[in-house]
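Presented below is the structure to which this report refers.
2 protein chains.
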Amino acid sequence: MVHKIIKLAVTDVRFPTSLEQHGSDAMHRDPDYSAAYVVISTDVGLRGYGLTFTVGRGTEIVVCAVEALAGLVVGKSLEEIISDFRGFYRLLTSDGQMRWIGPEKGVIHLATAAVLNAVWDLWARAEGKPLWKLLVDMDPKQIVSCIDFRYITDALTEQEALDILMKAQEGKQQREDQMLKEGYPAYTTSCAWMGYSDQQLKQLCTDALNNGWTKFKMKVGADLEDDIRRCRLIRQMIGPDNTLMIDANQRWDVGEAIAWVSRLAEFRPLWIEEPTSPDDILGHAAISKALAPLGIRVATGEQCHNRVMFKQFLQASALQFVQIDSCRLGSVNENLAVLLMAHKFQVPVCPHAGGVGLCELVQHLILFDYICVSADLNNRMCEYVDHLHEHFTSPAVIRNACYMPPKDPGYSSEMLESSVHTHQYPEGDVWKTLLNK
Amino acid sequence: MVHKIIKLAVTDVRFPTSLEQHGSDAMHRDPDYSAAYVVISTDVGLRGYGLTFTVGRGTEIVVCAVEALAGLVVGKSLEEIISDFRGFYRLLTSDGQMRWIGPEKGVIHLATAAVLNAVWDLWARAEGKPLWKLLVDMDPKQIVSCIDFRYITDALTEQEALDILMKAQEGKQQREDQMLKEGYPAYTTSCAWMGYSDQQLKQLCTDALNNGWTKFKMKVGADLEDDIRRCRLIRQMIGPDNTLMIDANQRWDVGEAIAWVSRLAEFRPLWIEEPTSPDDILGHAAISKALAPLGIRVATGEQCHNRVMFKQFLQASALQFVQIDSCRLGSVNENLAVLLMAHKFQVPVCPHAGGVGLCELVQHLILFDYICVSADLNNRMCEYVDHLHEHFTSPAVIRNACYMPPKDPGYSSEMLESSVHTHQYPEGDVWKTLLNK
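Order-wise, the sequence lines are chains L and A.
Note that our numbering has the first sequence beginning at 1, numbered continuously upward.
Note that our numbering has the second sequence beginning at 438, numbered continuously upward.
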């Protein structure tokens, strides 16, 4: 059966999370978790759903970019796309005129992610499988054929990628069974957003511990004395044996990052996340080197805009945890490239999630990574944030602080029609009410 | 007098340059040189004009982004902005919601450039000076107060920037006089676009030589044998003593770049421009190292998206010519940071120009660089392309292959009303006619 794409629709969907300081950090004080939400329709009735995550204002710009890409998608069939997915990826990312406003970065790349996420969802639905299982069942050659190796062959060739995947065929079935039974380990960021009160933080830690969580991330970077106080509080709450990570959301310059984080070393954070500009590879390398003697490692990636940047972070030993993002990189295609490079450089992948739908999507990628690439759970965990899952038709399922593999066909990226309807910006009921206040 | 900004208007202006292959290269086969063109109006009648350059499709996305930024500008006075220009720059680039879709890269940063270019034009007009002269007459402290040093203090502190500017006060007046008399040296890219025939190329070289040009850039990277043939042809045309540069517009991977350019060494190019991804700092460093023994240097920058990237290119010795762009970096503010870093690292600046308005704008920056920062013309020249100047009210003036300093107040960024009107996309007459064909 041929699935011809006959329509692409995109919606600006926003949730007023800033009202309660959910998601607040040192650089994003008032995020309204949002998405450019894409629905592609085929002539046989099957649909694909995709999105990219944003934090409020500016979502309309990404929507505009999705509309600009739509002409490259509508009229093609799913079969045509997947028969040369590398070529289709490059069609979207290397349009001779549109690449000028990227290339492969910022708004246009976020839009590319939204569109391709919908295509991958469509593919998985057409096969009747959850996306992770579609990937797991794929021939290594076909996996590799989805990746654009342009600009990364000095770090990973097509043959090397193929070799990695072939080697990991061994034990694949056991790892799939293990995941279905136990799930993939997660950590929580829900307890310690910047804007939360101490009382709120304590209560959330207590609840999380009761629910079996053992790994906790908190936001730092606004005020050093306040960070020390909050680090002490959370370390007391979680005890000496649980894991603490800290996240500065790009707040510092290089020297400042080293000095500030050194002051927090007594609380034994596993990593400092986003200490400085997401573009500063050499800066992250300097910070990594300075903090290594303190036993603190560097994590980054949620705003690392493409595989060329990740390649250099790996080449320069500038990160010790790779935080892929399902909606900033160019969808599954580019994430595959990064997973394979991370494996070659032997750096663990700990995906970024949260926001709207990021947990739902990225769990598929990390399941594939474990089953078919890394075969390793050491120092690996996937972020989890407990917000907005109720708006999805197949919300992420957490059991004993682990992501349980999704079972529904697709990329878990479909939102409830009613949620989309009421949260459309600015015409949905939620916004009509808020904006008229 | 207070100049309160009461309106910001933005227009999608496109020129159908692809019809004649002007601007064609290995990655951009059919550019339609375009601009998101901004006009800000004040309550006292004075206006500021700014733009960012694009190459056709996607310009509407940048327009959308400018509209999203407009709310941060309208209602402010020019005096309020310039009294804390660093703060205003950060207001635009670090909005807690919009920075997510950047930060400081791609569409949102191009839009920032367009808006700030209009503010600088307004300022220069309010002072009755061409922009370069406004900068030259400014106190070093005020120059430095326009720069956001966030993320670059490990390479250049505010005090170091100030010291550079103070030191260059010596001889300033002589250099200004010299520029007014002789102009700033330029090179031409007009002779050898990828899509031109040999006949066209020969004729254009002959004409350029007759007009006094001594430095020529050609496009390479589509086909090696064809590059060899065309390099040979142009070297024969210009003779052994004139300067040849080659430009691959990001066509290659790292290893491929080294192999390909080595084959062109016999034609003695001064530099290879954009050999690979604009994001690949370490790749450019590897290419620089490999080509140095052949006497070929590496130039890049027209798609280097912000000061953090330029900082690393300099730290890693990844370029030997810094090609600033007036419309991709965050306007004059961010270009000042890059000029000062380039000086500290002792790497010559050779601006990117061409397109629509890039020559008009960037000449101001390089004049300031010579008079107030570098005090050096060795190995320095500004790109010139002979297209579309007729659409500006104060077009760039070339005499003896040199840019003559503009005399009209402002940033030379105002387009003729009639040009804007007829080239508006898609409703202008030019496009109505083309699109109905």
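Where is the CB? At the ideal position from N, CA and C, for every residue including glycine.
Computed from a predicted model, the values in this text were never measured in an experiment.
From the options, residue whose alpha carbon lies closest to that of residue i
{"i": "LYS441 (chain A)", "options": "A:TRP560, A:CYS583 and A:LEU638", "result": "A:TRP560"}
{"i": "GLY482 (chain A)", "options": "A:ASP521, A:LYS652, A:ILE718 and A:ARG562", "result": "A:ARG562"}
{"i": "GLN579 (chain A)", "options": "A:TYR624, A:GLN611 and A:ILE519", "result": "A:ILE519"}
{"i": "GLY330 (chain L)", "options": "L:ASP95, L:ALA111, L:ALA68 and L:ALA318", "result": "L:ALA111"}
{"i": "GLU504 (chain A)", "options": "A:SER531, A:VAL476 and A:PHE522", "result": "A:VAL476"}
{"i": "SER412 (chain L)", "options": "L:CYS359, L:LEU377, L:LEU367 and L:TRP431", "result": "L:CYS359"}
{"i": "GLN596 (chain A)", "options": "A:GLU613, A:TRP868, A:ALA774 and A:ASP558", "result": "A:ALA774"}
{"i": "ASN333 (chain L)", "options": "L:SER77, L:PHE321, L:PHE368 and L:ASP198", "result": "L:PHE368"}
{"i": "GLU414 (chain L)", "options": "L:THR422, L:LEU340, L:VAL356 and L:SER197", "result": "L:VAL356"}
{"i": "TRP650 (chain A)", "options": "A:SER634, A:ASP558, A:THR680 and A:GLN640", "result": "A:THR680"}
{"i": "GLN173 (chain L)", "options": "L:TYR370, L:ASN436, L:PRO409 and L:SER394", "result": "L:TYR370"}
{"i": "VAL875 (chain A)", "options": "A:GLN615, A:ALA502, A:LEU515 and A:LEU553", "result": "Look at the range of chain A in this structure, 438 to 874, and you will see that residue 875 (chain A) is not part of it."}
{"i": "PHE829 (chain A)", "options": "A:GLY847, A:MET631 and A:LEU814", "result": "A:GLY847"}
Proximity below 7 Å, CB of residue i to CB of residue j
{"i": "ALA463 (chain A)", "j": "ALA659 (chain A)", "result": "yes"}
{"i": "ALA396 (chain L)", "j": "GLN346 (chain L)", "result": "no"}
{"i": "CYS809 (chain A)", "j": "VAL573 (chain A)", "result": "yes"}
{"i": "GLY539 (chain A)", "j": "GLY428 (chain L)", "result": "no"}
{"i": "THR491 (chain A)", "j": "SER471 (chain A)", "result": "yes"}
{"i": "ILE258 (chain L)", "j": "ALA290 (chain L)", "result": "yes"}
{"i": "ALA605 (chain A)", "j": "ALA812 (chain A)", "result": "yes"}
{"i": "GLN760 (chain A)", "j": "LEU282 (chain L)", "result": "no"}
{"i": "MET682 (chain A)", "j": "LEU707 (chain A)", "result": "yes"}
{"i": "GLY50 (chain L)", "j": "ALA114 (chain L)", "result": "yes"}
{"i": "ARG86 (chain L)", "j": "ASP163 (chain L)", "result": "no"}
{"i": "SER461 (chain A)", "j": "MET631 (chain A)", "result": "yes"}
{"i": "GLU710 (chain A)", "j": "ALA736 (chain A)", "result": "yes"}
Cross-chain neighbours of residue i in chain A, by beta carbon under 8 Å
{"i": "ASP154 (chain L)", "result": "ASP690, VAL691, GLY692, GLY720 and ALA723"}
{"i": "ALA68 (chain L)", "result": "ARG494, GLY495, GLU497 and ILE498"}
{"i": "MET218 (chain L)", "result": "None at all; the shortest Cβ gap to chain A is about 19 Å."}
Pairwise C-alpha distance: residue j and residue i
{"i": "GLU662 (chain A)", "j": "LEU701 (chain A)", "result": "10 Å"}
{"i": "TYR89 (chain L)", "j": "CYS146 (chain L)", "result": "8 Å"}
{"i": "PHE216 (chain L)", "j": "LEU92 (chain L)", "result": "38 Å"}
{"i": "GLN250 (chain L)", "j": "LEU853 (chain A)", "result": "42 Å"}
{"i": "GLU383 (chain L)", "j": "VAL556 (chain A)", "result": "42 Å"}
{"i": "TYR844 (chain A)", "j": "LEU802 (chain A)", "result": "Residue identity check: residue 844 (chain A) is Lys in the sequence provided, not Tyr. Answer to the nearest angstrom: the Cα atoms are 14 Å apart."}
{"i": "ASP644 (chain A)", "j": "LEU638 (chain A)", "result": "10 Å"}
{"i": "CYS764 (chain A)", "j": "ALA286 (chain L)", "result": "31 Å"}
{"i": "SER721 (chain A)", "j": "LEU756 (chain A)", "result": "This sequence places His at residue 721 (chain A); Ser is not what is there. So the alpha carbons of these two residues sit roughly 7 Å apart."}
{"i": "HIS22 (chain L)", "j": "THR188 (chain L)", "result": "13 Å"}
{"i": "ASP32 (chain L)", "j": "SER18 (chain L)", "result": "5 Å"}
{"i": "TRP260 (chain L)", "j": "VAL63 (chain L)", "result": "38 Å"}
{"i": "PRO426 (chain L)", "j": "SER419 (chain L)", "result": "14 Å"}
{"i": "MET762 (chain A)", "j": "GLY738 (chain A)", "result": "A small correction: the amino acid at residue 762 (chain A) is Asp; Met does not occupy that position in the sequence shown. Those two C-alpha atoms are separated by around 7 Å."}
{"i": "LYS874 (chain A)", "j": "PHE321 (chain L)", "result": "55 Å"}
{"i": "LEU339 (chain L)", "j": "ASP614 (chain A)", "result": "58 Å"}
Under 9 Å from the C-beta of residue i: neighbouring residues of chain A
{"i": "PRO439 (chain L)", "result": "Residue 439 (chain L) is absent from the model: chain L starts at 1 and stops at 437."}
{"i": "VAL322 (chain L)", "result": "Within 9 Å Cβ-Cβ: nothing; VAL322 (chain L) doesn't reach chain A, min ~17 Å."}
{"i": "MET341 (chain L)", "result": "Within 9 Å Cβ-Cβ: nothing; MET341 (chain L) doesn't reach chain A, min ~13 Å."}
{"i": "HIS28 (chain L)", "result": "GLY533, GLN534, ARG536 and TRP537"}
{"i": "LEU329 (chain L)", "result": "By Cβ distance, chain A contributes nothing, its closest Cβ being about 13 Å from LEU329 (chain L), past 9 Å."}
{"i": "GLN199 (chain L)", "result": "Going along chain A, no residue has its Cβ under 9 Å from GLN199 (chain L), so there is no contact; the nearest lies around 25 Å."}
Residues that residue i contacts on chain L, provided the C-beta gap is smaller than 9 Å
{"i": "ASP585 (chain A)", "result": "Here the premise fails: no neighbours, minimum Cβ distance about 11 Å."}
{"i": "MET616 (chain A)", "result": "Per Cβ cutoff of 9 Å: no residues; MET616 (chain A) is ~31 Å from chain L at best."}
{"i": "GLN596 (chain A)", "result": "Here the premise fails: no neighbours, minimum Cβ distance about 14 Å."}
Beta-carbon neighbours of residue i, restricted to chain L and to distances below 7 Å
{"i": "TYR588 (chain A)", "result": "ASP253, THR276, SER277 and ASP280"}
{"i": "THR491 (chain A)", "result": "TRP100 and ILE101"}
{"i": "VAL745 (chain A)", "result": "SER277, ASP279 and ASP280"}
{"i": "CYS501 (chain A)", "result": "GLU60, ILE61 and CYS64"}
{"i": "LEU547 (chain A)", "result": "ILE101"}
Proximal residues of chain L, C-beta to C-beta of residue i below 8 Å
{"i": "LYS542 (chain A)", "result": "LYS105, GLY106, ASP279 and HIS305"}
Interface partners of residue i on chain A, CB under 7 Å
{"i": "ALA316 (chain L)", "result": "LEU719"}
- Is it true that the stretch 566–578 of chain A meets the stretch 221–232 of chain L, where meeting means three or more beta-carbon pairs spaced less than 8 Å apart? Touching, no, given that fewer than three Cβ pairs across the two stretches are closer than 8 Å.
Exercise. Quick one: any contact between the stretch 444–452 of chain A and the stretch 483–497 of chain A, if contact means 3 or more CB pairs under 8 Å?
Worked result: yes
>> Under 8 Å: do the stretch 586–593 of chain A and the stretch 254–264 of chain L share three or more Cβ pairs, one atom per stretch?
In response: Taking 8 Å as the limit for Cβ pairs, the verdict is that the stretch 254–264 of chain L does touch the stretch 586–593 of chain A.
**Request:** Please determine if the stretch 613–628 of chain A and the stretch 829–841 of chain A are in contact, where contact requires at least 3 C-beta pairs separated by less than 8 Å.
**Result:** Inter-segment contact for the stretch 613–628 of chain A and the stretch 829–841 of chain A is present: three or more beta-carbon pairs are separated by less than 8 Å.
Exercise for review: Examine the Cβ distances between the stretch 301–316 of chain L and the stretch 706–717 of chain A and report whether three or more of them are shorter than 8 Å.
Suggested key: yes
* Asked: Using 8 Å as the threshold, is the stretch 530–537 of chain A in touch with the stretch 817–831 of chain A, meaning 3 or more CB pairs across them?
  -> no
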